[in-house]
Amino acid sequence: MLKYTDDHEWLRAEGDEIVVGITKHASEQLGDVVFIELPEEGTDVIAGDEIVVIESVKAASDITAPVGGTITAVNTALADAPGDVNADPMAAWFFRIKPADPAAIEGFMDEAAYKALVD
Amino acid sequence: MADTTRRTGLHDLHVELGARMVPFAGWDMPVQFPMGVMAEHLHTRENAGLFDVSHMGQVFVRPLDGNIQTAALALETLIPANVLDLAPGRQRYGLFTNEQGGILDDLMFANRGDHFLLVVNAACADQDIAHLRTLDGVAIEPVTDRGLVALQGPRSAGVLERLIPATVEMRFMDSLSFDWQGHDLWISRSGYTGEDGFEISVPDAALEDFARALLDQPEVAPIGLGARDSLRLEAGMPLYGHDMDPDVTPAQAALGWSIPKARRNGGARAGGFPGADAVLAELDAGAATTRRGLRPEGRAPIREGVTLFADQTGDAPLGTVRSGGFGPSVGGPVAMAIIDASLPEGATIWAELRGKRVPVTITALPFVTPSYKR
Numbered sequence: 001m002l003k004y005t006d007d008h009e010w011l012r013a014e015g016d017e018i019v020v021g022i023t024k025h026a027s028e029q030l031g032d033v034v035f036i037e038l039p040e041e042g043t044d045v046i047a048g049d050e051i052v053v054i055e056s057v058k059a060a061s062d063i064t065a066p067v068g069g070t071i072t073a074v075n076t077a078l079a080d081a082p083g084d085v086n087a088d089p090m091a092a093w094f095f096r097i098k099p100a101d102p103a104a105i106e107g108f109m110d111e112a113a114y115k116a117l118v119d
Numbered sequence: 001m002a003d004t005t006r007r008t009g010l011h012d013l014h015v016e017l018g019a020r021m022v023p024f025a026g027w028d029m030p031v032q033f034p035m036g037v038m039a040e041h042l043h044t045r046e047n048a049g050l051f052d053v054s055h056m057g058q059v060f061v062r063p064l065d066g067n068i069q070t071a072a073l074a075l076e077t078l079i080p081a082n083v084l085d086l087a088p089g090r091q092r093y094g095l096f097t098n099e100q101g102g103i104l105d106d107l108m109f110a111n112r113g114d115h116f117l118l119v120v121n122a123a124c125a126d127q128d129i130a131h132l133r134t135l136d137g138v139a140i141e142p143v144t145d146r147g148l149v150a151l152q153g154p155r156s157a158g159v160l161e162r163l164i165p166a167t168v169e170m171r172f173m174d175s176l177s178f179d180w181q182g183h184d185l186w187i188s189r190s191g192y193t194g195e196d197g198f199e200i201s202v203p204d205a206a207l208e209d210f211a212r213a214l215l216d217q218p219e220v221a222p223i224g225l226g227a228r229d230s231l232r233l234e235a236g237m238p239l240y241g242h243d244m245d246p247d248v249t250p251a252q253a254a255l256g257w258s259i260p261k262a263r264r265n266g267g268a269r270a271g272g273f274p275g276a277d278a279v280l281a282e283l284d285a286g287a288a289t290t291r292r293g294l295r296p297e298g299r300a301p302i303r304e305g306v307t308l309f310a311d312q313t314g315d316a317p318l319g320t321v322r323s324g325g326f327g328p329s330v331g332g333p334v335a336m337a338i339i340d341a342s343l344p345e346g347a348t349i350w351a352e353l354r355g356k357r358v359p360v361t362i363t364a365l366p367f368v369t370p371s372y373k374r
């Protein structure tokens, strides 16, 4: 299941976890990404916490936790290759989160709704 | 605000090329093209980039008595540079200072035989023109029927030679007229990227055709303001309103080199410009703070406004970052700040970034070696 947030994150349900990245639209708006700061594995977060910093050639922006829960993994490879976010944003995941509420993902937009938002 | 935003003669071309347009100094300007800032920057360093800088102010300064020296001496009352000895067909960099010795704007001025041509920053143009109009003995005429483009990069000379063969003879800071398809182009060998290149004033009637003729050359790509900023930052060039402003003196901006011996204490035409006493005393004594290059550790850029500290824990700030970002050719973040001039190159200071202190090395400017054709 693939869902989208208003903040242009994509959320992919895998087992009892959610994998989080940013959409192509977001990566195009940011421009070339040059630096990514990821959260620590094991961190407990609440929805809306700013947990990832993305620096592009233009500006710094934050990625927030879409849901509350525990960070179970982070994509450390992005630290050395931040440009992957521009090259293939749907593959360049930032972190995996185990949501406190297993049904949390269901409230987000589906692909059709997200497309309507950005088009 | 859309109704007051001005468009350059290349606006439609930018849109056609897929530019992302942004408001800049009252103008609607391309910040990037589909290639993206990083690739545009690297393309300029390796090939040739075409920049629209038509927003910049072009201004004639003509002597009312027909004697170019009258205009030169008038300009020297506002600009601490050697205008008088500038040969016809040559250009120099200079500053407008205020009574406190701060910088009102930076500019290029060219001797065009019987008059001077000034190129000033877009955001300061109205103020500069009013300032120039306080001068006696000269007519100040804003050039309103021309655009300005910059062709920058190691392949730019070969490209321009193909269109205008005589430009091959130009040296760095030459400023001359050339015919292109019946149009009078004013070309200087100069730029704002640290690369060899040209700045070309083109009549409005020929502007788009000339830009398209350049873009038709295989080496040339359109470049936006985003890459213009990272290129000039790597080249250690200050940006008005950021690295210098009315509260920053020439010595603090590390622009003392633009003030020659003739205008300094003991020189043939010492002083005689606004703030001269303060500016020249500071050049003699050395400024306590001056513009320095900074290389942060790691990949995170330190941008304008980030506070700098002498050590990892102290509370007393050294200053703030004035220009900062990622340097694509350097392959890491670069920045400039006006800080303690006595700190040695190689010294570590600290930048406070998102609540954490990041080590930063004081580095010689420029960050990349310029390749001008002297």
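Top to bottom, those sequences are chains A and B. Counting from 1, position 21 in the first sequence corresponds to residue 21 in my numbering; the numbering is continuous, with no gaps. Counting from 1, position 125 in the second sequence corresponds to residue 125 in my numbering; the numbering is continuous, with no gaps. Glycine included, C-beta positions come from ideal geometry on N, C-alpha and C.
Taking a Cβ-Cβ cut-off of 9 Å, the neighbours of E37/A in chain B comprise A300, R354, given in sequence order. The three-state secondary structure of T144/B, taken from DSSP, is coil. Per the DSSP secondary-structure output, H183/B pairs in a beta bridge with W180/B.
Residues of chain A whose Cβ lies closer than 7 Å to the Cβ of M38/B are, in chain order, D32, V57. Residues H25 of the same chain have their beta carbon placed closer than 7 Å to that of V118/A, with the five preceding and five following residues left out of the count. Using a Cβ-Cβ cut-off of 9 Å, P222/B does not count as an interface residue toward chain A, since no Cβ of chain A sits closer than that to its own.
The beta carbons of T320/B and V306/B sit closer together than 9 Å. Of all residues in the stretch 16 to 28 of chain A, none has a C-beta nearer than 7 Å to a C-beta of chain B. In the structure shown, the three-state DSSP call for Q217/B is coil. Remark: C-beta atoms of Q127/B and A110/B do not approach each other more closely than 9 Å.
Using a CB distance cut-off of 9 Å, V321/B does not count as an interface residue toward chain A. Residue-level contact check: N75/A does not touch chain B, since none of the beta carbons of chain B fall below 9 Å from its beta carbon. For the stretch 2 to 62 of chain B, the continuous beta strand (DSSP E) assignments of 3+ residues that do not extend past its boundaries occur at 20 to 24, 27 to 32, 48 to 52, in sequence order. N121/B: not part of any alpha helix (DSSP H); DSSP gives it neither H nor E.
F326/B reaches chain A at D32, V34, F35, E55, S56, V57, counting residues in chain order whose Cβ is nearer than 9 Å.
In terms of Cβ geometry, E345/B and S323/B do not form a close pair [threshold 9 Å]. Burial is judged here by how many other beta carbons sit within 10 angstroms of a residue's own beta carbon; W257/B has fewer than 16 and is exposed. In this structure, the beta-carbon distance from G49/B to V248/B does not fall below 9 Å. Fewer than three pairs of CB atoms, one per stretch, sit closer than 8 Å, so the stretch 184 to 198 of chain B makes no contact with the stretch 105 to 118 of chain A.
DSSP places R189/B outside any beta strand (DSSP E), giving it a letter other than H or E. Counting of Cβ neighbours within 10 angstroms places G113/B among the exposed residues, the total staying below 16. When only Cα atoms are considered, P39/A and A77/A end up about 13 Å apart. Residue range 69 to 74 is occupied by the beta strand (DSSP E) that includes T70/A. The residues E55, S56, V57, P82, in chain order, have a CB closer than 7 Å to that of V34/A in the same chain once the five nearest residues on each side in sequence are set aside.
Note on geometry: alpha-carbon atoms of A59/A and S329/B lie some 18 Å from one another.
For S230/B, at least one C-beta of chain A is nearer than 9 Å to its own C-beta. CA-CA distance, A13/A to T64/A, rounds to 17 Å. Annotated as proximal: T70/A and V45/A, with beta-carbon spacing under 9 Å.
Only buried fits E9/A, as 16 or more other CB atoms lie within 10 angstroms of its CB.
If you look at A337/B, you'll find it in the beta strand (DSSP E) that goes 332 to 340. Sixteen is the threshold: when 16 or more other Cβ atoms of the shown chains lie within 10 Å of the Cβ of Q152/B, as they do, the residue is buried.
Within the same chain, Cβ atoms closer than 8 Å to the Cβ of D284/B are found at R264, N265, the five residues on either side in sequence being excluded. Against G305/B, chain A offers no close residue; the least beta-carbon distance is about 11 Å (beta-carbon pairs closer than 9 Å). In the structure shown, R299/B falls within a coil segment according to DSSP collapsed to helix, strand and coil.
For H115/B, the closest alpha carbon among the candidates A74/B, D204/B, D106/B is that of A74/B. The three-state reading of DSSP puts I164/B in coil, since its state is none of H, G, I, E or B.
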